[in-house]
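Chemist:
There are 2 protein chains.
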Amino acid sequence: MSSDGDELVFLPLGGSGEIGMNLNAYGFGPPDERKWIVVDIGVTFGREDQVPGVELVLPDPSYLEELREDILGIVLTHAHEDHIGALGWLWPRLKAPVYATPFTAALVREKLREQGLLEKVPLTEIPLKGGLTLGPFEIEFVTLTHSIPEPNGLAIRTPLGLVWHTGDWKIDPDPLIGETTDEAKLRAMAEEGVLAMVCDSTNVFVEGAAGSEADVREKLTDVIGRCTGKVAVTAFASNVARVETALYAARAAGRTPCLVGRSMHRIYNAAKGVGLLQDAPAIIDEDDAVDLAPENVLYLCTGSQGEPRAALSRIARGEHRNVVLRDGDTVIFSSRVIPGNESAIHDLYNHLLERGVDVITADDHFIHVSGHPARDELKQMYQWARPRIAVPVHGEKRHIREHMKLALELQVPEALAPNNGDLIRLAPGPAAVIDEVPAGRLYVDGASVVHAEDEALRDRRRLAAEGAVNLSLVLNAKNTLIGGPTASVRGLPGEDEEEMELAIEQLEDAARGAFSKLNQGDREDDDAVEGALVRAVRKAAERIWRKRPLVDVTVMRI
Amino acid sequence: MSSDGDELVFLPLGGSGEIGMNLNAYGFGPPDERKWIVVDIGVTFGREDQVPGVELVLPDPSYLEELREDILGIVLTHAHEDHIGALGWLWPRLKAPVYATPFTAALVREKLREQGLLEKVPLTEIPLKGGLTLGPFEIEFVTLTHSIPEPNGLAIRTPLGLVWHTGDWKIDPDPLIGETTDEAKLRAMAEEGVLAMVCDSTNVFVEGAAGSEADVREKLTDVIGRCTGKVAVTAFASNVARVETALYAARAAGRTPCLVGRSMHRIYNAAKGVGLLQDAPAIIDEDDAVDLAPENVLYLCTGSQGEPRAALSRIARGEHRNVVLRDGDTVIFSSRVIPGNESAIHDLYNHLLERGVDVITADDHFIHVSGHPARDELKQMYQWARPRIAVPVHGEKRHIREHMKLALELQVPEALAPNNGDLIRLAPGPAAVIDEVPAGRLYVDGASVVHAEDEALRDRRRLAAEGAVNLSLVLNAKNTLIGGPTASVRGLPGEDEEEMELAIEQLEDAARGAFSKLNQGDREDDDAVEGALVRAVRKAAERIWRKRPLVDVTVMRI
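Written out as structure tokens, the structure is:
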């Protein structure tokens, strides 16, 4: 099957500090004739402190883009945004057919429809436990458990061995929706021989096991049952089992559930569409929920991460059209704090508490479980799959390193700690990084997809910190100043109008002074005029404000 | 002593989400003749995601500024920046004499010297356990323990009762530097009768007790002793006991200590100046430390919070002139993660790990203790002081609320959960909020101190997210367009130069079109011209980029 010169390689491409998280690829063949499959194609969310105005961060697929003729398919493991969210933005660069199980496919279709790509992207639904063959890759979907319906690992068989790509997983003995982990399949794979396991590292620092959705159902039902006043529950909308729990708990407490927030509705509809949530109670519209007595309503809201535009933040600020919470009401966070969101979430707690609303979190009661494997689950997976090579992915460098150490402790013969962009040869021979390829970030900025290092973003950071000065002047054919210089400023402080006028005069004086020192030759040259005036005005601004604004000079000639 | 109409009031003024943290005031007298003392005058550090370019956040003292004739003094409890850091910026608005114990006074003096205020601000040193009388306020400094030398609570005696203002504290049975908590004094105050206790809420969610600096000394010495290669320890410079621990541990491990980072040197010198660190080993300059063998050096660095310009971040990025860490070296974080800094600190860990440096944190070993009281210590303090009224401060709303609940559980008769700006009457009668006064934030922006809602900051946020378009045009006396419109853009993305030129042409076309539709009357009016062109250009920009830039139009008339 395998001919001389064939290699099996793995390429993690992240869009963030996390490694191998948003986009992965496998290649097979001799170096100059490799065929590729892409596994997942997701986003990370922009940290506003890094790039204001940017809401989505994408992995830079430029390496794969150049060899797109050799990409046989894009295979999606599950429907979380960090695994599918970049498809609409990056598919036009890769143009390969897409494969996903039904629930994932339903959410992908809706996403493609919104971006006007539905007719263009060939999307094939693969049944749960199904498979497909793409050139040298035989791919089998293996049922796991996670925090979303239809989480799949991929058993990827090649002439040089079997790679077990776990995707995101945990071991939930009672996931409520979907089957339990396909342990028999994992044991069978081990018998067959697993060359390499590419595995989730998110919770490698967490002892024990993640815990079960079934336990959360029991506790959340209990907590909601003891509430008086209105209740709002916030959870990740994509966790359909959790959504079902909230809906069931509402019924048990004599409350009518009401969905608040766009993605709640989106996921609810997708779940219904694939036959889930059949026994859940009917939901009520926001407009109608207003008429319910406080003890008869349960709001299920987006915004557990303190996202400023999400339902819960708007409610906490008193800006929501239909949902008003006050003294005696309760907000239940059936969620975790995603690192980086601590401040936003604490602000959200504080705003709710200021209204007299009680806040209940997973610190108070067992009302959330993670979707990722803690250490005991990782150990179990290594015992099941018994890979020859451990390739930790889906974590920051500190997680990857810890996971590598754990794998070596568990007697896995080889383990790597990859970086994004490392081209890793898995076979033949010992696993090794054989090349490094570009693995930067792209940002979605309005309608544009730009490189992280784009000048526009650099300028915006500078504008944010330092402000701007604009200066215009008019020169005639003899290079005589016949209008201006006229300065205007943005983002620079002034005590009052008078102080600001004085500052602007100083800037204009500085520009006039600099112009007067230019000789005729320089005055003919726009670049020379601009350069001299920019320097003079920046210096004046530093003197006035102790800031270094961006200075733009427009030379008009008539 | 007290005449009819006298009231004792407390006013917490925070500069942040934390309440009663950075600036507090006490007033005594009839409402229209109150005399005031200010307790502490500190900063919070700007969250860069909120206001780019702003490094310091100050409490807005405008209420106190208006009655500054009646402010008898500014009393400082201890030298942490969140208690003294605003003095240089706000003293010119309050102009009251300042009182502090020697170590605090030494750091304040240096700060005032840097800001050119040393000669202007009357600063009186109060000995430890000393006191002073300011009008109706008899103030006694009470020795506590915290994470800095000379932490004082204030016993404030007035004709209407004794207020026990704790400042920041813990109960450290062996603080290494300074005396232990003055328990006898606290018990004596209880006998005398404590009207109100205004108390630190930082760690109200933490069970147990903070733990002792002495235990950290033992463990840190042990951890450092087992390191091979270079060692860098990062800790808060102001924790002189911890600095001493690192210096002693270096000596025990045969390492010469080297201070890296400006505030390390500043605090080290201030500590030496008041007679601390006398037995510590000599330190070596950065330049000289380069010549030491890896196993013979210990760097003591600033930057435990991932501050991008601090020593440790520069080392982690490989940008430090003298300190290079690599495979086999160790960085020890003898510190905690301050909420809001999680992402920056995790990035710092990841950068160090990428260089092969081992990272040891307080999660791995007992190498940090908090300076604030956990629940058992709070309970102990309430047992010692037995106040009639509990006024929790120094925490977010969620801490304040929890602390209030705890106080009521401990059978304190009255407890409040104040907001910044609440004017609270402590006596006579039951404690109550009797007024709300302005309590916003000020930002230090370059040389200016601006209000949080300042237009300049609003514009900068907009510039950061949306970019800018500038447009200039020249009109003659007949209002005919004789130059421009010339557009330039900042912070808006373009695939290449050609695309950008095309975009600029579209903006100029939009402006030209809008101008052509104006009648003669409008063309005479700069505001009308600007208004029409701004609208047209913004619309064009939205079409091109799906962004809403700030548009500035300059009309030049010749």
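Taken in sequence, the protein lines are chains S and L. When we follow the working numbering, the leftmost residue of the first sequence carries the number 1, and every step to the right adds one. When we follow the working numbering, the leftmost residue of the second sequence carries the number 559, and every step to the right adds one. The beta carbon of each residue, even a glycine, is placed where N, CA and C say it ideally should be.
(1) Buried or exposed for Ala746 of chain L, going by 16 or more other Cβ atoms inside 10 Å?
(2) Which same chain residues end up closer than 8 Å to Glu776 of chain L when comparing Cβ atoms and leaving out the 5 residues on each side of it in sequence?
(3) Helix or strand or just coil, what does DSSP make of Ala948 of chain L?
(4) Identify the contact partners of Ala465 of chain S in chain L, using a Cβ-Cβ distance below 8 Å as the criterion.
(5) When you compare each of L:Ile629, L:Thr1038 and L:Val927 to Gly1079 of chain L by their alpha carbons, which one comes out closest?
(6) Might you give, ordered along the chain, the residues of its own chain that have their beta carbon closer than 8 Å to the beta carbon of Ala1090 of chain L, omitting 5 neighbours on each side?
(7) Out of S:Leu144, S:Gly27, S:Asp435 and S:Thr44, state which residue places its alpha-carbon closest to the alpha-carbon of Leu442 of chain S.
(8) Can at least three beta-carbon pairs, one atom from the region 1058 to 1073 of chain L and one from the region 1024 to 1034 of chain L, be found at a separation below 8 Å?
(9) In chain order, what residues of the same chain lie with their CB nearer than 8 Å to the CB of Ala829 of chain L, ignoring the 5 residues before and after it?
(10) If you follow the beta strand (DSSP E) that Asn152 of chain S is part of, which residue opens it and which one closes it?
(11) Thinking C-beta only, is Trp647 of chain L closer than 8 Å to Leu622 of chain L?
(12) Can at least three beta-carbon pairs, one atom from the region 924 to 937 of chain L and one from the region 757 to 774 of chain L, be found at a separation below 8 Å?
(13) For the region 413 to 430 of chain S against the region 1010 to 1022 of chain L, do three or more pairs of beta-carbon atoms, one drawn from each stretch, fall closer than 8 Å, so that the two count as touching?
(14) For a minimum of 3 consecutive residues, which ranges assigned as the beta strand (DSSP E) are wholly contained in the region 878 to 918 of chain L?
(15) Which residue's Cα is closest to the Cα of Thr786 of chain L: L:Glu954, L:Gly1049 and L:Val889?
(16) For Ile729 of chain L, which of helix, strand or coil comes out of DSSP?
(17) Tell me which residues of the region 942 to 964 of chain L have at least one Cβ-Cβ distance to chain S shorter than 8 Å, keeping chain order.
(18) Assuming Val596 of chain L and Ala654 of chain L make a contact with CB atoms under 8 Å, what is their CB distance in whole Å?
(19) How is Val762 of chain L classed by DSSP in three states: helix, strand or coil?
(20) For Gly688 of chain L, count the other beta carbons within 10 Å of its own beta carbon; 16 or more makes it buried, fewer makes it exposed. Which is it?
(21) Is the Cβ of Arg242 of chain S closer than 8 Å to any Cβ of chain L?
(22) Suppose only complete runs of 3+ residues qualify. What are the beta strand (DSSP E) ranges in the region 241 to 305 of chain S, listed by chain order?
(23) At 8 Å on the CB atoms, spell out the chain S contacts of Pro1012 of chain L, in chain order.
(24) Give me, in chain order, the residues of the same chain whose beta-carbon lies closer than 6 Å to that of Ile992 of chain L; leave out the 5 immediate sequence neighbours on both sides.
(25) Beta-carbon within less than 6 Å of His320 of chain S's beta-carbon, same chain only, minus the 5 sequence neighbours each way: which residues are those?
(26) Whose C-beta lies closer than 8 Å to the C-beta of Asn269 of chain S among residues of the same chain, with five residues either side of it excluded?
(27) Using a Cβ-Cβ cut-off of less than 7 Å, list which residues of the region 475 to 503 of chain S approach chain L; keep chain order.
(28) State the Cα-Cα distance for the pair Leu1065 of chain L and Pro549 of chain S, rounded to the nearest angstrom.
(29) Are the region 937 to 945 of chain L and the region 963 to 972 of chain L touching by the rule of at least three beta carbon pairs closer than 8 Å?
(30) Are Arg68 of chain S and Leu94 of chain S close, meaning C-beta to C-beta below 8 Å?
(31) Just how far apart, CA to CA, sit Val915 of chain L and Trp1103 of chain L?
(32) Among all the DSSP beta bridges, which residues are the ones paired with Ala695 of chain L?
(33) Quick one: list the residues of chain S neighbouring Leu911 of chain L, beta-carbon separation under 7 Å, in chain order.
(34) Taking Cβ positions only, does Tyr349 of chain S come closer than 8 Å to chain L?
(35) Using C-beta distances below 7 Å, list every residue in its chain close to Gly1052 of chain L, excluding the 5 sequence neighbours before and after it, in chain order.
Modeler: Let's see:
(1) Taking the second sequence and counting its residues from 1, the one referred to as residue 746 of chain L is at position 188. Exposed: under 16 other Cβ atoms inside 10 Å.
(2) On the second sequence, residue 776 of chain L is found 218 positions in, with the first residue counted as 1. So no residue of the chain qualifies.
(3) Mapped onto the second sequence, residue 948 of chain L falls at position 390. Looking at Ala948 of chain L - three-state DSSP - the assignment turns out to be strand.
(4) The sequence position of residue 465 of chain S within the first sequence is 465, counting from 1. Proximity of chain L to Ala465 of chain S at the Cβ level (cut-off 8 Å) is accounted for by Pro610, Gly611 and Arg1018, in chain order.
(5) Start at 1 with the first residue of the second sequence, and residue 1079 of chain L comes out as number 521. Ranked by how close their Cα comes to the Cα of Gly1079 of chain L, the residues L:Ile629, L:Thr1038 and L:Val927 have L:Thr1038 in first place.
(6) Taking the first residue of the second sequence as position 1, residue 1090 of chain L is located at position 532. Once the five neighbours on either side are set aside, the close Cβ partners of Ala1090 of chain L are Ala1072, Phe1073, Lys1075, Leu1076 and Asp1080.
(7) On the first sequence, position 442 is the one that residue 442 of chain S refers to. Residue S:Thr44 holds the alpha-carbon nearest to the alpha-carbon of Leu442 of chain S among S:Leu144, S:Gly27, S:Asp435 and S:Thr44.
(8) Judged by Cβ distances under 8 Å, the region 1058 to 1073 of chain L makes contact with the region 1024 to 1034 of chain L, as three or more pairs qualify.
(9) Along the second sequence, read from residue 1 onward, the residue named residue 829 of chain L stands at position 271. Counting only residues of its own chain and dropping the five nearest sequence neighbours on each side, Ala829 of chain L has a CB closer than 8 Å to the CB of Phe661, Pro707, Val798, Val801 and Leu835.
(10) Within the first sequence, residue 152 of chain S is the residue found at index 152, counting from 1. Unbroken beta strand (DSSP E) run through Asn152 of chain S: Asn152 to Thr158.
(11) If you number the second sequence from 1, residue 622 of chain L lands on position 64. If you number the second sequence from 1, residue 647 of chain L lands on position 89. No, the pair does not count as a contact, with Cβ atoms beyond the cut-off.
(12) The region 924 to 937 of chain L, when compared against the region 757 to 774 of chain L, does touch it at the 8 Å Cβ threshold.
(13) No, the region 413 to 430 of chain S does not touch the region 1010 to 1022 of chain L.
(14) Unbroken beta strand (DSSP E) stretches of 3 residues or longer found wholly inside the region 878 to 918 of chain L: 888 to 891 and 916 to 918, given in chain order.
(15) Residue mapping note: residue 786 of chain L aligns to position 228 of the second sequence, counting from 1. Per the Cα distances, L:Val889.
(16) Here residue 729 of chain L refers to the residue found at position 171 when the second sequence is read from its first residue. DSSP, read as helix, strand or coil, puts Ile729 of chain L in coil.
(17) Within the region 942 to 964 of chain L, the residues whose Cβ lies closer than 8 Å to some Cβ of chain S are Glu954, Lys955, Arg956 and Arg959, listed in chain order.
(18) On the second sequence, residue 596 of chain L is found 38 positions in, with the first residue counted as 1. On the second sequence, residue 654 of chain L is found 96 positions in, with the first residue counted as 1. Confirmed, about 7 Å.
(19) Along the second sequence, read from residue 1 onward, the residue named residue 762 of chain L stands at position 204. Note: Val762 of chain L maps to coil in three-state DSSP.
(20) Taking the second sequence and counting its residues from 1, one reaches residue 688 of chain L at position 130. Exposed, because fewer than 16 other Cβ atoms sit within 10 Å of the Cβ of Gly688 of chain L.
(21) As a working mapping, residue 242 of chain S is identified with position 242 in the first sequence. Not closer than 8 Å to any Cβ of chain L, the Cβ of Arg242 of chain S fails to qualify, so no.
(22) As far as the region 241 to 305 of chain S is concerned, its whole beta strand (DSSP E) runs of at least 3 residues are 256 to 260 and 297 to 301.
(23) Position 454 of the second sequence, counting from 1, holds the residue named residue 1012 of chain L. In the sequence under discussion, the amino acid at residue 1012 of chain L is Asp, which differs from the Pro named in the question. Chain S residues near Asp1012 of chain L: Pro493.
(24) Within the second sequence, numbered from 1, the residue matching residue 992 of chain L stands at position 434. Taking Ile992 of chain L as the centre and dropping the five residues before and after it, the same chain places the C-beta of Leu981 and Arg983 closer than 6 Å to its C-beta, in chain order.
(25) Locating residue 320 of chain S in the first sequence gives position 320, counting from the first residue. Once the five neighbours on either side are set aside, the close Cβ partners of His320 of chain S are Arg314.
(26) Residue numbering aside, residue 269 of chain S sits at position 269 when the first sequence is read from its first letter. Take Asn269 of chain S, set aside five residues on each side of it, and no residue of its chain has a beta-carbon closer than 8 Å to its own.
(27) Correct list: Ile482, Gly483, Gly484, Thr486, Ser488, Arg490, Gly491, Leu492 and Pro493.
(28) The sequence position of residue 1065 of chain L within the second sequence is 507, counting from 1. The sequence position of residue 549 of chain S within the first sequence is 549, counting from 1. So the alpha carbons of these two residues sit roughly 24 Å apart.
(29) Contact holds: three or more Cβ-Cβ distances are below 8 Å.
(30) Working through the first sequence from its first residue, we reach residue 68 of chain S at position 68. Working through the first sequence from its first residue, we reach residue 94 of chain S at position 94. Remark: C-beta atoms of Arg68 of chain S and Leu94 of chain S approach each other more closely than 8 Å.
(31) Position 357 of the second sequence, counted from the start, is the residue given in the question as residue 915 of chain L. Position 545 of the second sequence, counted from the start, is the residue given in the question as residue 1103 of chain L. Taking the straight line from one Cα to the other gives about 43 Å.
(32) For the purposes of this step, residue 695 of chain L is identified with residue 137 of the second sequence, where counting begins at 1. The identity of residue 695 of chain L in the sequence shown is Phe, whereas the question assumes Ala. BP columns for Phe695 of chain L point to L:Leu692.
(33) Position 353 of the second sequence holds residue 911 of chain L. Simply Lys397, Arg398 and Arg401.
(34) As a first step, residue 349 of chain S must be located in the first sequence, where it is residue number 349. Nearest CB-CB separation between Tyr349 of chain S and chain L: below the 8 Å threshold.
(35) In the second sequence, residue 1052 of chain L corresponds to position 494, counting from 1. Cβ neighbours of Gly1052 of chain L beyond the five flanking positions: Met1058 and Ala1061.
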